[in-house]
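Take a look at the structure set out below.
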Amino acid sequence: MTDQPSHRQSYWRRILGQTFVRWGARLGLGWVALLAMIGIFAPFLASSFPLLLSQNGVWSSPVLTYLQAEDVLFLIAFFSLLLVLPWRISGARKLGLFVLMVSIGGGLAYSYVDPPKLVIYEQYRVAEREGVYDWVVFAPVPYSPKDYQRDLGDTGLEAPLSQADRPHFFGTEQNGADVLSRMIHASRIALGIGFVATGIAMVIGVIIGGLMGYFSGIVDILGMRLVEIFEAVPTLFLLLTFVAFFGRSLYIMMVIIGITSWPGFARYVRAEFLRLRKQDFVQAAEAAGLPLPSILFRHMLPNGMGPVLVAASFGVASAILAEATLSFLGLGLVDDPSWGEMLNQAVQSSRFNWWMAAFPGGAIFFTVFAYNLIGESLRDAIDPYLSKSN
Amino acid sequence: MLLSVKALYTWFKHQPEPIKAVDGIDFEIERGETFCLVGESGSGKSITALSIMRLLPQSGLQKQNGQVLFKSGESDAVDLSELKESKMREIRGGRIAMIFQEPMSSLNPVFTIGEQILEAVKLHFPQLSASEAWERVMKALTDVQLPDPETRVNSYPHQLSGGQRQRVMIAMAMACEPDLLIADEPTTALDVTVQREILRLMKALQQRTGMAILFITHDFGVVSEIADRVGVMQQGKLVETGTTDQIIHKPEHVYTQSLIAALPENLARHETHQVVQDQPPLIRLNDLAIHFPVRKGLLRRVVDQVRAVDGVDLEIPRGQILALVGESGSGKTTLGRGILRLTEPTAGQITFDNTDITSMKPAQLRQFRRNMQIIFQDPISSLNPRLSIAAILTEPMKVHGIGESREERIELARDLLQQVQMEEDALWRYPHEFSGGQRQRIGIARALSLEPSFIVCDEITSALDVSVQAEILKMLLELRRQHNLTLLFITHNIGVVEYVSDRTAVMYQGQIVEQGRTEDIVNNPQNDYTQQLIAAVPRVPL
Chain A
1 MTDQPSHRQS
11 YWRRILGQTF
21 VRWGARLGLG
31 WVALLAMIGI
41 FAPFLASSFP
51 LLLSQNGVWS
61 SPVLTYLQAE
71 DVLFLIAFFS
81 LLLVLPWRIS
91 GARKLGLFVL
101 MVSIGGGLAY
111 SYVDPPKLVI
121 YEQYRVAERE
131 GVYDWVVFAP
141 VPYSPKDYQR
151 DLGDTGLEAP
161 LSQADRPHFF
171 GTEQNGADVL
181 SRMIHASRIA
191 LGIGFVATGI
201 AMVIGVIIGG
211 LMGYFSGIVD
221 ILGMRLVEIF
231 EAVPTLFLLL
241 TFVAFFGRSL
251 YIMMVIIGIT
261 SWPGFARYVR
271 AEFLRLRKQD
281 FVQAAEAAGL
291 PLPSILFRHM
301 LPNGMGPVLV
311 AASFGVASAI
321 LAEATLSFLG
331 LGLVDDPSWG
341 EMLNQAVQSS
351 RFNWWMAAFP
361 GGAIFFTVFA
371 YNLIGESLRD
381 AIDPYLSKSN
Chain B
1001 MLLSVKALYT
1011 WFKHQPEPIK
1021 AVDGIDFEIE
1031 RGETFCLVGE
1041 SGSGKSITAL
1051 SIMRLLPQSG
1061 LQKQNGQVLF
1071 KSGESDAVDL
1081 SELKESKMRE
1091 IRGGRIAMIF
1101 QEPMSSLNPV
1111 FTIGEQILEA
1121 VKLHFPQLSA
1131 SEAWERVMKA
1141 LTDVQLPDPE
1151 TRVNSYPHQL
1161 SGGQRQRVMI
1171 AMAMACEPDL
1181 LIADEPTTAL
1191 DVTVQREILR
1201 LMKALQQRTG
1211 MAILFITHDF
1221 GVVSEIADRV
1231 GVMQQGKLVE
1241 TGTTDQIIHK
1251 PEHVYTQSLI
1261 AALPENLARH
1271 ETHQVVQDQP
1281 PLIRLNDLAI
1291 HFPVRKGLLR
1301 RVVDQVRAVD
1311 GVDLEIPRGQ
1321 ILALVGESGS
1331 GKTTLGRGIL
1341 RLTEPTAGQI
1351 TFDNTDITSM
1361 KPAQLRQFRR
1371 NMQIIFQDPI
1381 SSLNPRLSIA
1391 AILTEPMKVH
1401 GIGESREERI
1411 ELARDLLQQV
1421 QMEEDALWRY
1431 PHEFSGGQRQ
1441 RIGIARALSL
1451 EPSFIVCDEI
1461 TSALDVSVQA
1471 EILKMLLELR
1481 RQHNLTLLFI
1491 THNIGVVEYV
1501 SDRTAVMYQG
1511 QIVEQGRTED
1521 IVNNPQNDYT
1531 QQLIAAVPRV
1541 PL
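Protein chains in written order, with our numbering: chain A, 1 to 390; chain B, 1001 to 1542.
Set out below in structure tokens:
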């Protein structure tokens, strides 16, 4: 035993530091962060409602009036994250506080936010043309995702930037809605389904895998059979069946992807726990008479989380793909745009409109690629044999 | 002169400063002699051997130079450091052979040992016919006294014991009749009785073939048994060379002197604690058995039992240190964990201070655990890498209601660190920031945090260098006196046993074969197995 160089850094700092030294992970994280920002501020980036206008000297902001409850929830989540992160308290407390703030905010948002039921997208455009307002500020993309621009005549299937008077950067789809606007709003679904489905899978997988690894014996045997049963379920066909029975719902999709993809996590956690069980520090915790929850969650879980996080970043990618596949097959959401559904629109048209395939397809590709890059770097950082410094 | 190393440097790339693993050393090895390189871990002895063989990956090196003159047979001396890679490959294995510490990982598990030796022979003697080459393989295996070589030649590495594997490694090295054998800690992973046989074998082979041996070890007992001349290494430098007798009895360099003084054999004796006759023993084991079922097949049916501990009766008197000695696989670690019920006993009874703990319910046992603690062998895995030292020390206290508030417990932890001679600011640091010896001290502090009366010390010094071992042992004896502790000291090192323990029990195949006062056991063993064991211990002549 020789003396080692001493760093005053916790393990996770070190791992994250090593992960994001790699350019791939930085690129991936950058892309995901960009998508997250776009998703959170979607109503302010792409909306037919002006951000700010002045009518007879009275200022108003129609975009705020028309905010949906879920838009408000996203904003609350974002700002509570900003508020909580800089505090110098432990990670678990931060998480608890964050969840508390989001659930209170969410409750308030869903009970008090009440946008007008009747939505006329073109009213502000028409009013502006008629010169009713003193001045008006529109969003960077001045079209809502479901604004079919009836006031402008037939706007279907216009190539990007083909109309000088109303720029559609990514063109329009067959109903006449702006493709860029639809993609901006769809980024929420892509991110949401990835995180929620993987979150559900991770929680179930960690609990079942942890119990299997710690108790081994009969618990392990039964657990492994359960894992094998769930691994045999073909997710896509189960999803198809559920859509057929219960209609199309984003939440059902999240839950099903979640409860069919936990076995991978359970396997990883089980293997880690079987290894950790024999480690001396776990034996020491047991010899000190510590209660079971402390042994499991304080002494074992943090030491076995590495492979789980790697699996999670790949899991997010595959959940996004699953949703895109389903939407592409025409079994996704009815009304709201999603990247997969936009690809489906692209092939339904009689002639090939490249902008309708290239942009959503590219977005799916880069998002899945970004998560895989992060997962790859995380795996290398956790592997002590590939460790960069030390 | 067979090998002459002059101004050998091997520096590894590292920020901000290169690691000077080998920092300018000179030595010579004569034909037919055994030269021992001794030093503590990290002193650069293995790197020296690898540098001579040019087996280090070039990409990690900052600087490697020096002259390694090697004179084989009648030919002129060649400088190995400047030899072409193709020529070097002929020398490796052919003229200079090497054996390593861990024979299991040095042998390829998917080939039989015969095939592996044959490959080496064919490589270096392409002119031999198939039957001649095979004869050579058989001769090599016979030479290393592998029992029943005709059948063993077709076995796979995992079918052999550790000692047999090391014999195979030696056979492979010897098959090409090298002029120099480099042995890097070849007996460290072996039990003492096996170690003695391997050392004897190497001596016999050396006498027959006249090869030279470069023997790397950290164990002065082994040195005194095998070496003709010794070189002592410290931090990449060769601080002293001389004959074995000189180094052990009249060391000149300060570092060598401190190493020799730190040997457990040379530590000042302490007086043994006398048993207070009328007090009952603290721990009493009645016919304790721990069996592990061997399960096979789809239904995991129990087909056999491994009897790790097989009917042990033992008493540990209050305030005494009982050493539990035995070779690997004798069940001593299982017994230690069984006493604490970290491994569930299959049968028998454990009485702790007149309380039967074998029948305790889990909740009751959890409360009772503060009376008995354990310290582990491996300083790396014994501390949770994600928790600060403060958390490691205070969590058990909190669970057992020691200390009113967090501040008070932190204060207690600070006090514990002082007792194990560590700085206070260690509290806010993490395990990976400490060296092995320091971690072992923290492990001791953790065991003491619950104010136990009984501690199992499971090989606590076997992963440490001798100088660190000496400090830890001294400290442990002092703590025993202060806290009136009773210790079960599990070890395989007889020197440590003599230094530290009052009583000794010898374990063999799950059973206690002999127990009594340490002086009696060590100086006058009665049991056959104990006699063998004591005789096999390599001793530094005092």
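We put the CB at the ideal spot given by N, CA and C, even for glycine.
Checklist entry - How do the segment 207-217 of chain A and the segment 267-286 of chain A stand: do at least 3 beta-carbon pairs fall below 8 angstroms, yes or no? => result As far as the Cβ criterion goes, the segment 207-217 of chain A touches the segment 267-286 of chain A, which means the pair count is three or higher.
Checklist entry - Rounded to whole angstroms, how far is the Cβ of residue 144(A) from the Cβ of residue 48(A), which I believe are closer than 8 angstroms? => result Locating residue 144(A) in the first sequence gives position 144, where the first residue counts as 1. Locating residue 48(A) in the first sequence gives position 48, where the first residue counts as 1. Going by Cβ atoms, the distance from residue 144(A) to residue 48(A) rounds to 4 angstroms, so yes, they are a contact pair.
Checklist entry - Hey, is the segment 1014-1025 of chain B in contact with the segment 60-71 of chain A, meaning 3+ C-beta pairs nearer than 8 angstroms? => result Fewer than three beta-carbon pairs drawn from the segment 1014-1025 of chain B and the segment 60-71 of chain A are found closer than 8 angstroms, and the two stretches are therefore not classed as touching.
Checklist entry - Can you tell me whether DSSP reads residue 1376(B) as helix, strand or coil? => result Here residue 1376(B) refers to the residue found at position 376 of the second sequence. In the three-state reduction of the DSSP assignment, residue 1376(B) falls in the coil class.
Checklist entry - With 16 other CB atoms within 10 Å as the buried threshold, where does residue 355(A) fall? => result Indexing the first sequence from 1 puts residue 355(A) at position 355. Per the 10 Å Cβ criterion, buried.
Item to check | Other residues of its chain near residue 176(A): CB distance less than 6 angstroms, five sequence neighbours each side excluded | outcome: Counted from its first residue, the first sequence places residue 176(A) at position 176. Excluding positions up to five away in sequence, the list reads 148, 149, 155, 156.
Checklist entry - For the beta strand (DSSP E) that contains residue 1063(B), what are its first and last residues? => result As a working mapping, residue 1063(B) is identified with position 63 in the second sequence. Looking at the DSSP string, the run of the beta strand (DSSP E) that includes residue 1063(B) is 1061-1070.
Next on the checklist: Against residue 290(A), what residues of chain B qualify as contacts under a CB-to-CB distance less than 7 angstroms, listed in chain order?
Outcome noted: The residue labelled residue 290(A) in the question sits at position 290 within the first sequence. The contacting residues are 1395, 1396, 1399.
Checklist entry - When you compare each of 1467(B), 1444(B), 1125(B) to residue 1456(B) by their alpha carbons, which one comes out closest? => result On the second sequence, residue 1456(B) is found 456 positions in, with the first residue counted as 1. Residue 1444(B) is the option with its Cα nearest to residue 1456(B).
Checklist entry - Given a limit of 7 angstroms on CB to CB distance, which residues of the segment 1344-1374 of chain B reach chain A? => result Within the segment 1344-1374 of chain B, the residues whose Cβ lies closer than 7 angstroms to any Cβ of chain A are, in chain order, 1366, 1367, 1369, 1370, 1373, 1374.
Item to check | Neighbour list for residue 281(A) in chain B, Cβ cutoff strictly below 7 angstroms | outcome: Taking the first sequence and counting its residues from 1, the one referred to as residue 281(A) is at position 281. The contacting residues are 1381, 1382, 1383, 1384.
Checklist entry - What does DSSP give as the partner residues of residue 1514(B) in its beta bridges? => result By 1-based counting over the second sequence, the position of residue 1514(B) is 514. Note: residue 1514(B) sits in a beta bridge opposite 1506(B).
Item to check | Short CB-CB distance (under 7 angstroms) between residue 1528(B) and chain A | outcome: What you label residue 1528(B) is simply residue 528 of the second sequence in a count that begins at 1. Look at residue 1528(B): its C-beta is not under 7 angstroms from any C-beta on chain A.
Item to check | Anticipated Cβ contact below 8 angstroms, residue 1221(B) with residue 1190(B), distance rounded | outcome: Against the second sequence, residue 1221(B) aligns to sequence position 221. Against the second sequence, residue 1190(B) aligns to sequence position 190. No, residue 1221(B) and residue 1190(B) are not in contact; Cβ-Cβ is about 13 angstroms, not under 8 angstroms.
Checklist entry - In or out: residue 124(A) buried (at least 16 other Cβ within 10 Å) or exposed? => result Your numbering for residue 124(A) matches position 124 in the first sequence. So residue 124(A) counts as buried.
Item to check | Range of the contiguous beta strand (DSSP E) that encloses residue 344(A) | outcome: In the first sequence, counting from the first residue as 1, residue 344(A) sits at position 344. Taken as a continuous stretch (DSSP letters only), residue 344(A) belongs to no beta strand (DSSP E), being part of the alpha helix (DSSP H) at 339-348.
Checklist entry - Of all the CB atoms in chain A, is at least one closer than 7 angstroms to the CB of residue 1378(B)? => result Here the question's residue 1378(B) lines up with position 378 in the second sequence. Under the Cβ criterion of 7 angstroms, residue 1378(B) is counted among the residues facing chain A.
Checklist entry - residue 1200(B): buried (16+ other C-beta within 10 angstroms of its C-beta) or exposed? => result If you number the second sequence from 1, residue 1200(B) lands on position 200. Residue 1200(B) is exposed by the Cβ-count criterion.
Next on the checklist: Quick check on the DSSP output: the alpha helix (DSSP H) that includes residue 1149(B) runs from which residue to which?
Outcome noted: Here residue 1149(B) corresponds to residue number 149 of the second sequence, with the count starting at 1. 1149-1152 is the span of the alpha helix (DSSP H), which, as asked, contains residue 1149(B).
Next on the checklist: By DSSP's criteria, residue 1092(B) is part of a beta bridge. Which residues make up the other side?
Outcome noted: Counting from one through the second sequence, the residue named residue 1092(B) turns up at place 92. For residue 1092(B), which the question treats as bridged, DSSP gives the partners 1096(B).
Checklist entry - Nearest CA to the CA of residue 1133(B): which residue from 1116(B), 1146(B), 1531(B), 1507(B)? => result Position 133 of the second sequence holds residue 1133(B). Comparing Cα positions, the closest option is 1116(B).
Next on the checklist: Does chain A have any CB closer than 7 angstroms to the CB of residue 1238(B)?
Outcome noted: The count along the second sequence starts at 1 and reaches residue 1238(B) at position 238. No, its Cβ sits nowhere closer than 7 angstroms to a Cβ of chain A.
Checklist entry - Can at least three beta-carbon pairs, one atom from the segment 1359-1366 of chain B and one from the segment 1308-1325 of chain B, be found at a separation below 8 angstroms? => result Contact between the segment 1359-1366 of chain B and the segment 1308-1325 of chain B is absent, because fewer than three Cβ pairs lie under 8 angstroms.
Next on the checklist: Please confirm whether residue 220(A) has its beta-carbon closer than 7 angstroms to some beta-carbon of chain B.
Outcome noted: By one-based count along the first sequence, residue 220(A) stands at place 220. Under the 7 angstroms criterion on CB atoms, residue 220(A) is classed as non-interfacial with respect to chain B.
Checklist entry - What do you get for residue 1499(B), buried or exposed, if any count of 16 or more other CB atoms within 10 angstroms of its CB means buried? => result If you number the second sequence from 1, residue 1499(B) lands on position 499. The residue is buried, with at least 16 neighbouring Cβ atoms inside 10 Å.
Item to check | Residue from 1453(B), 1492(B), 1493(B), 1461(B) whose Cα sits closest to the Cα of residue 1481(B) | outcome: Here residue 1481(B) corresponds to residue number 481 of the second sequence, with the count starting at 1. Of 1453(B), 1492(B), 1493(B), 1461(B), the smallest CA-CA separation from residue 1481(B) is found for 1453(B).
Item to check | Short Cβ contact (7 angstroms threshold) for residue 313(A) with residue 375(A) | outcome: The residue you call residue 313(A) lines up with position 313 of the first sequence. The residue you call residue 375(A) lines up with position 375 of the first sequence. Yes, Cβ-Cβ distance for residue 313(A) and residue 375(A) is below 7 angstroms.
Checklist entry - Which residue's Cα is closest to the Cα of residue 140(A): 12(A), 235(A), 77(A), 169(A)? => result Along the first sequence, read from residue 1 onward, the residue named residue 140(A) stands at position 140. Per the Cα distances, 169(A).
Checklist entry - According to DSSP, which residues form a beta bridge with residue 1339(B)? => result Residue mapping note: residue 1339(B) aligns to position 339 of the second sequence, counting from 1. DSSP, once it has assigned bridges, lists no residue as partnering residue 1339(B).
Checklist entry - So is residue 137(A) buried or exposed if we call it buried at 16+ other beta carbons inside 10 Å? => result For the purposes of this step, residue 137(A) is identified with residue 137 of the first sequence, where counting begins at 1. Exposed is the call here.
Next on the checklist: Could you give the first and the last residue of the continuous alpha helix (DSSP H) run that contains residue 303(A)?
Outcome noted: Start at 1 with the first residue of the first sequence, and residue 303(A) comes out as number 303. Under the DSSP assignment, residue 303(A) falls in the alpha helix (DSSP H) whose first and last residues are 301-328.
Checklist entry - If you run the structure through DSSP and keep just helix, strand and coil, what is residue 1402(B)? => result The residue you call residue 1402(B) lines up with position 402 of the second sequence. DSSP, read as helix, strand or coil, puts residue 1402(B) in coil.
Checklist entry - Name the chain C residues whose beta carbon is nearer than 9 angstroms to that of residue 1446(B)? => result This model lacks chain C altogether, as its protein chains are A and B.
Next on the checklist: Against chain B, which members of the segment 293-304 of chain A pass a CB distance test of less than 8 angstroms?
Outcome noted: Within the segment 293-304 of chain A, the residues whose Cβ lies closer than 8 angstroms to some Cβ of chain B are 294, 298, 299, 302, 303, listed in chain order.
Item to check | Segment limits, beta strand (DSSP E) that includes residue 185(A) | outcome: Counting from one through the first sequence, the residue named residue 185(A) turns up at place 185. Residue range 179-215 is occupied by the alpha helix (DSSP H) that includes residue 185(A), with no beta strand (DSSP E) assigned at that position.
Next on the checklist: Quick check on the burial criterion: 16 or more other C-beta atoms within 10 angstroms. Buried or exposed for residue 1226(B)?
Outcome noted: Locating residue 1226(B) in the second sequence gives position 226, where the first residue counts as 1. Buried is the call here.
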